[in-house]
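Right, one structure below, let's go through it.
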Amino acid sequence: MSDSVEQIKERLPIEEVVGSYIKLDKAGSHLKARCPFHNEKTPSFFVSRERQSFYCFGCGQKGDIFTFVENFEGVDFKGALKILAERAGVDIETRESNPEAKSEKENVYEVLEKATAFFEKNLDINGEAKKYLKDRGLSDKTVKSFRLGFAKDEWRSLREYLASGGVSDKTMLSAGLIKRAEKNGQEVYYDTFRARIIFPLWDSAGRIVAFSGRIFPGPEKEGAPKYLNSPETVVFRKSVALYGLHLAKTAIRKLDHAILVEGQMDLVLCHEAGFPNTVATSGTSMTEEHLAVIKRFSDNLKMAYDADSAGLRAGSRAVKMALAAGMNVKIAPLPKGEDPADVIRKDPLKWKDLIGRSSHAIDFYTDIAVSEKTDDRELVKKIKSDVLPFILKVPSSMDRDSFLRSVAYKTGIREETLFKEMQGIKDEDVGQGKESGGVSREKEKPASRVSSLEKRIVGILKWQSSDKNPSVEISEIEKRIEEIITDDGRERLKEVAKIGDEELVFEAKVMCEKDGGLSLGDVEKLLDELEMEYLGEKVSSLMDGIFRTERHKDNEKRTTLLEEHMRLTTRRENLRKKLSAG
Numbered sequence: 040m041s042d043s044v045e046q047i048k049e050r051l052p053i054e055e056v057v058g059s060y061i062k063l064d065k066a067g068s069h070l071k072a073r074c075p076f077h078n079e080k081t082p083s084f085f086v087s088r089e090r091q092s093f094y095c096f097g098c099g100q101k102g103d104i105f106t107f108v109e110n111f112e113g114v115d116f117k118g119a120l121k122i123l124a125e126r127a128g129v130d131i132e133t134r135e136s137n138p139e140a141k142s143e144k145e146n147v148y149e150v151l152e153k154a155t156a157f158f159e160k161n162l163d164i165n166g167e168a169k170k171y172l173k174d175r176g177l178s179d180k181t182v183k184s185f186r187l188g189f190a191k192d193e194w195r196s197l198r199e200y201l202a203s204g205g206v207s208d209k210t211m212l213s214a215g216l217i218k219r220a221e222k223n224g225q226e227v228y229y230d231t232f233r234a235r236i237i238f239p240l241w242d243s244a245g246r247i248v249a250f251s252g253r254i255f256p257g258p259e260k261e262g263a264p265k266y267l268n269s270p271e272t273v274v275f276r277k278s279v280a281l282y283g284l285h286l287a288k289t290a291i292r293k294l295d296h297a298i299l300v301e302g303q304m305d306l307v308l309c310h311e312a313g314f315p316n317t318v319a320t321s322g323t324s325m326t327e328e329h330l331a332v333i334k335r336f337s338d339n340l341k342m343a344y345d346a347d348s349a350g351l352r353a354g355s356r357a358v359k360m361a362l363a364a365g366m367n368v369k370i371a372p373l374p375k376g377e378d379p380a381d382v383i384r385k386d387p388l389k390w391k392d393l394i395g396r397s398s399h400a401i402d403f404y405t406d407i408a409v410s411e412k413t414d415d416r417e418l419v420k421k422i423k424s425d426v427l428p429f430i431l432k433v434p435s436s437m438d439r440d441s442f443l444r445s446v447a448y449k450t451g452i453r454e455e456t457l458f459k460e461m462q463g464i465k466d467e468d469v470g471q472g473k474e475s476g477g478v479s480r481e482k483e484k485p486a487s488r489v490s491s492l493e494k495r496i497v498g499i500l501k502w503q504s505s506d507k508n509p510s511v512e513i514s515e516i517e518k519r520i521e522e523i524i525t526d527d528g529r530e531r532l533k534e535v536a537k538i539g540d541e542e543l544v545f546e547a548k549v550m551c552e553k554d555g556g557l558s559l560g561d562v563e564k565l566l567d568e569l570e571m572e573y574l575g576e577k578v579s580s581l582m583d584g585i586f587r588t589e590r591h592k593d594n595e596k597r598t599t600l601l602e603e604h605m606r607l608t609t610r611r612e613n614l615r616k617k618l619s620a621g
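Residue 439 in the working numbering sits at position 400 of the sequence shown, with consecutive numbering throughout.
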């Protein structure tokens with residue numbers, strides 16, 4: 040095994056492996072990027088060619104090519120080894136075939152592969168099951184690509200098949216392929232899946248980890264669920280697994296967006312229709328872990344949930360989580376009462392059109408509220424309940440301001456009124472657990488958003504103060520900080536300054552390194568970004584003051600605060616344009 044690892048490392052430089060997943064930019068002798076393992080605006084993720092390793096100064100993730108692939112793909116070391124070995128053209132050394140010498144995971148992976156082949160063979164000889172899939176719009180190529188199978192309407196056919204090949208009941212139980220019951224005082228075992236179309240589920244490395252079985256049309260047993268999924272096992276966690284990811288991940292990276300659907304049949308038909316960047320949840324609602332997996336490949340997500348009440352509710356929860364994760368979320372306008380599979384079967388071109396007409400989630404929900412309004416008062420209520428909770432989820436204060444302006448334009452409701460209404464939204468309206476709602480959440484966020492910028496600025500000051508030939512004027516940096524800082528920012532800088540000089544200076548040198556020294560342009564950009572964040576704090580504080588003057592009918596002070604609010608928002612917009620242009 041160690042020989043295989045070393046061969047892979049020799050053939051695959053870390054910059055080549057990491058660069059195939061994320062865009063790397065040159066930074067002196069290193070390469071840098073925005074970290075794929077946590078949200079950030081300014082790159083803090085560095086790759087060292089010399090050390091053949093990576094390190095993120097923001098979240099602390101570090102390691103070699105195997106660690107990177109494990110974290111990015113969401114697989115264990117064996118999964119990373121499989122992915123990199125195939126890429127490097129290295130044959131992995133295998134252990135002896137003795138099952139006792141293998142780990143539980145290895146045995147489970149092997150028996151799941153055997154079960155898949157068994158289900159495939161069953162499908163191949165069952166004309167009715169094959170006809171059903173064909174009638175649903177699936178070609179033979181797609182059936183083979185997704186390795187679809189069939190479980191007979193028999194209690195123990197899979198167990199008997201696997202047992203004849205030496206597989207123990209213990210391993211079958213571990214893999215979720217059989218269940219245990221008691222009959223007449225004795226333990227009996229029976230197959231988990233019976234009379235079902237079988238959809239194998241894979242991990243990111245392309246290893247089968249579980250199954251989802253759709254009940255086969257015909258005389259259905261009373262109380263039998265439409266879909267039955269494997270239980271969680273040592274290789275399968277439903278809160279992380281995304282159906283089709285192993286086939287979709289390359290397309291998601293290439294197209295820079297993922298399409299998310301709910302069901303297995305929706306997923307398979309999307310791929311059949313030419314949308315290989317589609318993934319689906321399997322037997323569970325969307326989780327933050329699912330979104331973290333998708334976000335590693337793209338920040339852009341198009342959701343196509345069923346257009347019924349259950350689908351809209353599930354979509355709403357997923358949208359809030361995705362927005363909170365900093366993703367750009369769009370929604371496809373599915374016809375009421377239809378799911379993606381229905382649309383594709385009737386007209387694949389219509390499906391293409393619907394995906395093309397996906398609109399940002401906040402615009403989508405705003406348009407629905409406007410179309411359903413009965414009077415202005417009712418519209419305000421709907422916007423507060425159906426739109427503002429989504430805006431409150433957006434991490435960027437600048438983006439929140441932009442969405443509020445858009446909603447104000449579409450509805451005719453004053454932007455100040457929308458902001459005030461958003462302040463009163465409680466935790467349960469946002470689905471944020473125990474986090475505080477409204478403005479208190481807004482005031483907590485800047486510390487986490489600006490901490491890396493503040494840390495870097497302090498590091499630069501310490502670095503340049505100790506340098507005999509400083510690249511920048513320290514007094515100019517300090518002067519700019521005094522011009523832009525907030526009271527909260529001043530306190531945070533004092534705390535940052537307490538961190539050891541060696542750590543701060545090292546980070547500043549690595550992250551700001553360019554052509555062998557510090558770039559003045561980099562420092563100016565950092566200060567512009569820091570000012571943007573500080574302005575967000577000041578604008579929020581001003582809005583609080585404006586609302587207080589409205590309550591006390593202090594028109595003179597209100598006018599003064601509004602003028603200051605306009606000045607600061609104009610400055611923010613100018614900085615945004617400057618940073619975008621740069």
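Glycine residues also receive a C-beta, built at the ideal position from the N, C-alpha and C atoms.
Would you kindly work out how many angstroms separate the C-alpha atoms of R235 and S203, rounded to a whole number? 23 Å
First through last residue of the beta strand (DSSP E) which encompasses K341: N339 to M342
So the candidates are S490, P239 and I47; which of them puts its Cα closest to the Cα of E79? S490
At a cut of 8 Å, does the stretch 140 to 157 reach the stretch 265 to 273 through at least three beta carbon pairs? yes
Any idea if T413 is buried or exposed, counting beta-carbon neighbours within 10 angstroms, 16 or more meaning buried? exposed
Buried or exposed for P264, going by 16 or more other Cβ atoms inside 10 Å? exposed
Would you call the stretch 118 to 128 and the stretch 80 to 90 touching, i.e. three or more CB-CB distances under 8 Å? no
Please classify G498 as buried or exposed, where buried requires at least 16 other C-beta atoms within 10 Å of its C-beta. buried
Proximity test, I524 beta-carbon vs the ligand NAP heavy atom, cut-off 7 Å: The ligand NAP is not part of the structure shown, which contains no ligands of any sort.
Backbone secondary structure at I538 - three-state DSSP: coil
Roughly how many angstroms separate the alpha carbons of V108 and V114, rounded to a whole number? 8 Å
In the structure shown, what three-state DSSP assignment does Y404 receive? helix
If you draw a straight line from the alpha carbon of K449 to that of V300, how long is it in whole angstroms? 29 Å
Is it buried or exposed for H329, if we count other Cβ within 10 angstroms and need 16 for buried? buried
Since G282 sits in a beta bridge, which residues does DSSP pair it with? A small fix is needed here, since residue 282 is Tyr in this sequence, not Gly. Answer by DSSP bridge pairing, in chain order: A319.
Rounding to the nearest angstrom, what Cα-Cα distance links I383 and M360 in this structure? 28 Å
Only counting the same chain, and skipping five residues up and downstream in sequence, which positions put a Cβ closer than 6 Å to that of K617? none
For a quick check, are the C-beta atoms of S196 and D230 less than 8 Å apart? yes
Which listed residue (E377, K548, T317 and T323) has its alpha carbon closest to that of D345: E377
Just to confirm before moving on: does the CB-CB distance between I53 and I104 stay below 8 Å? yes
When we look at the beta-carbon of M605 and count the other beta-carbons within 10 Å, is it buried (16 or more) or exposed? exposed
Looking at C-alpha atoms only, which residue of A364, S321 and S324 is the closest neighbour of N339? A364
Look at the alpha carbon of A607 and the alpha carbon of L431, and state the distance between them as a whole number of angstroms. A small fix is needed here, since residue 607 is Leu in this sequence, not Ala. Straight-line Cα distance between these residues: approximately 21 Å.
Any idea which residues DSSP pairs Q225 with across the strands? K222
I think V198 touches I217, with their Cβ atoms under 8 Å apart; what is that distance to the nearest whole Å? The question names Val, yet the displayed sequence has Arg at residue 198. Right, the Cβ-Cβ distance comes to about 5 Å (below 8 Å), so this counts as a contact.
Name the two residues that bound the continuous alpha helix (DSSP H) containing S580. L559 to R590
Endpoints, the alpha helix (DSSP H) within which G58 is located: I53 to G58
Suppose contacts are defined by Cβ-Cβ distances below 8 Å. Is A547 in contact with R495 by that definition? yes
Own chain partners of C74 with C-beta closer than 8 Å, once the 5 adjacent residues on each side are dropped: P82, S83, F84, C95, G97, C98 and Q100
Kindly indicate which three-state DSSP category N508 falls into: helix, strand or coil? coil
Drop a sphere of 10 angstroms on the beta-carbon of R111, count the other beta-carbons inside from all chains shown, and report buried for 16 or more, exposed for fewer. Strictly speaking, residue 111 in this sequence is Phe, with Arg absent from that position. Flag for F111 reads buried.
Alpha carbon to alpha carbon, how far is A72 from K375? Give it in angstroms, no decimals. 42 Å
For A266, which option in F76, D42, K209 and F238 has the closest C-alpha, if you only look at C-alpha atoms? At residue 266 the sequence reads Tyr, which differs from the Ala that was named. Of the candidates F76, D42, K209 and F238, the one whose C-alpha sits nearest the C-alpha of Y266 is F238.
Kindly list the residues whose CB is nearer than 6 Å to the CB of F336, restricted to its own chain and excluding five residues on each side of it in sequence; keep chain order. K288, I291 and R292
Measure the CB-CB distance between V332 and V368 and report whether it falls below 8 Å. no
I need the DSSP call for W502, collapsed to helix, strand or coil. helix
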